[in-house]
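Have a look at the structure below, then the notes.
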Amino acid sequence: MDFTLSEEQLMIQQAARDFAQNELLPGVIERDDAQRFPTEEVKKMGDLGFLGMMVDPKYGGSGLDTMSYVIAMEELSKVDASSSVVVSVNNSLVCWGLETFGNEAQKEKYLTPLATGEMIGAFCLSEPEAGSDATSQKTTAIDKGDHYVLNGTKNWITNGNSAGVHLVIAQTDVEKGHKGINALIVEKGTPGFEIGPKENKLGIRGSDTHSLLFNDVKVPKENRIGEDGFGFKFAMKTLAGGRIGIAAQALGIAAGAYELARKYAKERKAFGTEIANHQAIAFKLADMHTQIAAARHLVYKAAWDKDQGNNYDLSGAMAKLYASQVAMETTVEAVQVHGGNGFVKDYHVERLMRDAKITQIYEGTSEIQKIVISRSILHN
Ligand code: CAA
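Once you know that position 372 of the sequence shown is 484 in this note's numbering, the rest is easy, because the numbers rise by one and skip nothing.
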């Protein structure tokens, strides 16, 4: 067992750390306040190769492994989870889904601009009445021979307005249940496709989350991913990898909050000494450090499984379940270590605490991860 990162992985870690400090940190509070999407920052991440990290270089990607991706996700998320979710959705859900299951024409047309950051993508599964219960799709994609006609509403879509390409999951044949679902590539601007209002959120306020409305949207059949009826499997397989990305995001939020709390505890004085010298604070830091290390091991194991070609449904779900719990607990404690200063925006930890919450909800709630884990340990 070798726990050391390779030279290349250490370089990626440093590049992501530098980018987060130099480019994401300066405007992060203002973007959160104003709910402003990090347009410039995302463009720069595209230029640096962070948006197509695992994509084959022949399609404009960086050709890296999942380990490198989670290492970068951790570093970016320490500073700005609103930006890192763009990286996660674009890499894990959109690029990976297209590269793994798309045909050559789809890859040439869509994957290259997505991997280079010329445009970003969105993954559209959730609906007003189909969140956790993802097979209950009400959006329909009716087969009209050479095209589908799409009708319905999608909710809480990350990159909803900024994406140039949306992977939309919809029901073609109700009789067939989840086997009658398709995944379609829908371009922004297609007639009948409208972007709904932006959500006003608790956390990741810089990320743009919208509902999407489809009203008789004509989608050419060549834009269907995989065989007829493959859409639900496509969503499940893609989300299994997406959960590793969100687990790494949660890990980064936790680690970012811990680093701020540790620094603050060594500077702030109370009762005649730095507060880190009080056991009440030192023990909090010890707990945080231990939990973060455990979360990191789970995240790395899931990434390693994916890189080895092992099944990663279970390890990815465990990593997301645990890392998101650690993110929540650590950020709450980081605010506590900061005392009154933790409650004001300038110290960053209150934002990390708000951002942590979504990691227990999106790409499958913690309860859904427990369904995946319990089914895996009981039925295999
Ligand atoms: N890989 C391949 N196939 C899978 C699979 C996987 N990981 N998980 C399930 N399937 C298949 C099953 O084998 C089954 O197919 P067969 O009938 O052919 O065997 C089919 O999918 C249906 O599976 P289930 O019977 O297990 O379905 P279910 O209704 O019990 O639900 C669930 C399973 C795991 C709970 C699923 O509904 C689920 O994951 N729900 C959560 C959805 C989710 O994560 N949403 C997140 C939204 S996206 C997002 O947040 C992105 C963003 O913007 C950040």
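Ideal Cβ placement from N, Cα and C applies to all residues, glycine included.
The alpha helix (DSSP H) enclosing residue i, as first and last residue numbers
{"i": "residue 200", "result": "193–200"}
{"i": "residue 213", "result": "208–213"}
{"i": "residue 461", "result": "461–470"}
{"i": "residue 435", "result": "425–450"}
{"i": "residue 409", "result": "391–420"}
{"i": "residue 232", "result": "Element bounds for residue 232: n/a, residue is neither H nor E."}
{"i": "residue 297", "result": "From DSSP, residue 297 is part of no alpha helix (DSSP H) but of the beta strand (DSSP E) over 293–299."}
{"i": "residue 482", "result": "478–491"}
{"i": "residue 157", "result": "151–160"}
{"i": "residue 140", "result": "140–146"}
Outcome for residue i when other beta-carbon atoms lying within 10 angstroms are tallied against a minimum of 16
{"i": "residue 335", "result": "buried"}
{"i": "residue 483", "result": "exposed"}
{"i": "residue 113", "result": "exposed"}
{"i": "residue 126", "result": "exposed"}
{"i": "residue 305", "result": "buried"}
{"i": "residue 124", "result": "buried"}
{"i": "residue 491", "result": "exposed"}
{"i": "residue 150", "result": "buried"}
{"i": "residue 481", "result": "buried"}
{"i": "residue 159", "result": "exposed"}
{"i": "residue 170", "result": "exposed"}
{"i": "residue 248", "result": "exposed"}
{"i": "residue 116", "result": "exposed"}
{"i": "residue 162", "result": "buried"}
{"i": "residue 420", "result": "exposed"}
{"i": "residue 350", "result": "buried"}
{"i": "residue 437", "result": "buried"}
{"i": "residue 378", "result": "exposed"}
{"i": "residue 235", "result": "buried"}
{"i": "residue 391", "result": "exposed"}
{"i": "residue 212", "result": "exposed"}
{"i": "residue 209", "result": "buried"}
Alpha carbon of residue i to alpha carbon of residue j, nearest angstrom
{"i": "residue 485", "j": "residue 353", "result": "15 Å"}
{"i": "residue 466", "j": "residue 258", "result": "46 Å"}
{"i": "residue 489", "j": "residue 302", "result": "44 Å"}
{"i": "residue 440", "j": "residue 312", "result": "20 Å"}
{"i": "residue 297", "j": "residue 174", "result": "23 Å"}
{"i": "residue 380", "j": "residue 290", "result": "56 Å"}
{"i": "residue 207", "j": "residue 118", "result": "24 Å"}
{"i": "residue 186", "j": "residue 384", "result": "36 Å"}
{"i": "residue 182", "j": "residue 361", "result": "8 Å"}
{"i": "residue 431", "j": "residue 409", "result": "8 Å"}
{"i": "residue 218", "j": "residue 142", "result": "38 Å"}
{"i": "residue 454", "j": "residue 242", "result": "36 Å"}
{"i": "residue 193", "j": "residue 477", "result": "17 Å"}
{"i": "residue 282", "j": "residue 402", "result": "43 Å"}
{"i": "residue 411", "j": "residue 387", "result": "31 Å"}
{"i": "residue 358", "j": "residue 398", "result": "24 Å"}
{"i": "residue 428", "j": "residue 415", "result": "8 Å"}
{"i": "residue 393", "j": "residue 374", "result": "9 Å"}
{"i": "residue 369", "j": "residue 131", "result": "18 Å"}
{"i": "residue 222", "j": "residue 179", "result": "25 Å"}
{"i": "residue 435", "j": "residue 404", "result": "8 Å"}
{"i": "residue 146", "j": "residue 139", "result": "11 Å"}
{"i": "residue 468", "j": "residue 365", "result": "6 Å"}
{"i": "residue 444", "j": "residue 315", "result": "14 Å"}
{"i": "residue 498", "j": "residue 355", "result": "Absent from the model: residue 498. The displayed extent of the chain is 113 to 492, so no value can be given."}
{"i": "residue 426", "j": "residue 245", "result": "19 Å"}
{"i": "residue 233", "j": "residue 278", "result": "6 Å"}
Per DSSP, the bridge partner or partners of residue i
{"i": "residue 255", "result": "260"}
{"i": "residue 326", "result": "264 and 305"}
{"i": "residue 385", "result": "382"}
{"i": "residue 178", "result": "Bridge partners of residue 178: none, in fact."}
{"i": "residue 120", "result": "Answer is none; residue 120 lacks a bridge partner."}
{"i": "residue 310", "result": "322"}
{"i": "residue 239", "result": "242"}
{"i": "residue 269", "result": "322"}
Cβ distance (whole Å) where residue i is taken to contact residue j below 8 Å
{"i": "residue 264", "j": "residue 326", "result": "5 Å"}
{"i": "residue 300", "j": "residue 275", "result": "6 Å"}
{"i": "residue 338", "j": "residue 295", "result": "7 Å"}
{"i": "residue 318", "j": "residue 195", "result": "7 Å"}
{"i": "residue 85", "j": "residue 238", "result": "The requested residue 85 does not occur in the structure, where the chain is confined to residues 113 to 492."}
{"i": "residue 198", "j": "residue 137", "result": "Not a contact, Cβ separation roughly 16 Å."}
{"i": "residue 280", "j": "residue 262", "result": "7 Å"}
{"i": "residue 284", "j": "residue 254", "result": "7 Å"}
{"i": "residue 323", "j": "residue 269", "result": "7 Å"}
First through last residue of the beta strand (DSSP E) which encompasses residue i
{"i": "residue 337", "result": "That residue, residue 337, is in no beta strand (DSSP E); it is neither H nor E in DSSP."}
{"i": "residue 280", "result": "277–283"}
Residue-chain proximity (residue i, chain B), Cβ-Cβ < 8 Å
{"i": "residue 433", "result": "Although the question refers to chain B, the structure presented lacks it and comprises just one protein chain."}
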